[in-house]
Amino acid sequence: MPKRIQLPDDFYKHDFKQLAKIEKHPRTRIRFIGLSHIQNGKSYEQVAQYLLQSLSAVKQWVRHYKDEGIDGLKEKQRSGRPSKARNQNHTKLLQSILAMQNNKNGGRVRLKDIQNMLAKDFNIHYQNINGVHYLLTKLGLS
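Residue numbers for the sequence shown, in this note's numbering: 2 to 143.
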């Protein structure tokens, strides 16, 4: 017989199904759905199987809920590699790219042109053109 799950007293006060419907982040939505199943009497193993998650992940969701409440289930900010343009003023970059487009005699400014300008004027070296595209997206130009 499976061990009885020990849940906090306020666990049943929340409507996890409703929270899942209004949640925008998909990983948080999955967590809410999982806890909704647990509220309905499903075991950790069943929830893990339903949601195609590991058993340890489901246990971790409950542990986070016990420790931090609803906020413990929400997706946290993840760290990543810092931008190569982090030290540069984004306004200067934006103005330079727009000036480059305005000074162009016909046609468009290519990513390769922007990559060369960044290397020459700002000492920002992207090995791959995708980094330039990501920067333009971040600046709202692409």
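Even for Gly, the Cβ is constructed at its ideal location relative to N, Cα and C.
Spatially closest choice to residue i from the options, by CA coordinates
i: ARG82; options: ARG30, GLY132, THR29, GLN61; result: GLY132
i: PRO36; options: TRP62, PRO27, GLN116, SER57; result: What sits at residue 36 in the sequence shown is Leu, not Pro. The shortest Cα separation from LEU36 among TRP62, PRO27, GLN116, SER57 belongs to TRP62.
i: ILE1; options: PRO27, GLN47, ASP16, PHE33; result: Outside the modelled stretch of the chain, which goes from 2 to 143, sits residue 1, for which no answer is possible.
i: LEU140; options: GLU24, PHE12, LEU99; result: LEU99
i: HIS26; options: LEU74, GLU69, SER55; result: LEU74
i: ILE34; options: ILE23, LYS18, GLU24, ARG28; result: LYS18
i: GLU24; options: ASN129, GLU76, GLY107; result: GLU76
i: HIS134; options: ALA58, ARG111, LYS22; result: ARG111
i: ASP68; options: GLN116, TYR127, ASP10; result: ASP10
i: SER55; options: ARG32, ILE71, GLN128; result: ARG32
i: LEU119; options: GLY108, LEU95, ARG109; result: LEU95
i: ASN117; options: ASN103, SER97, GLY107; result: SER97
i: LEU8; options: ASP122, GLY107, GLY70, MET101; result: GLY70
i: TYR66; options: THR138, PHE12, GLY108; result: PHE12
Delimiting residues of the alpha helix (DSSP H) encompassing residue i
i: HIS144; result: Examination of residue 144 is not possible in this model, given that the chain is present from 2 through 143 alone.
i: GLN47; result: 45-52
i: VAL133; result: 130-140
i: ALA86; result: Counting along the chain, ALA86 falls outside any alpha helix (DSSP H), and DSSP gives it neither H nor E.
i: LEU36; result: 27-40
i: VAL59; result: 56-69
i: LEU112; result: 112-122
i: PHE17; result: 17-23
8 angstroms contact criterion, which residue i and residue j should meet: CB distance rounded
i: ALA86; j: LEU136; result: 6 angstroms
i: ALA21; j: ARG28; result: That pair is no contact at about 11 angstroms.
i: LYS113; j: ILE130; result: 7 angstroms
Is the segment 38-57 in contact with the segment 84-101, if contact means three or more CB pairs nearer than 8 angstroms? Remark: fewer than three beta-carbon pairs, one from each stretch, lie closer than 8 angstroms, so the segment 38-57 and the segment 84-101 are not flagged as touching.
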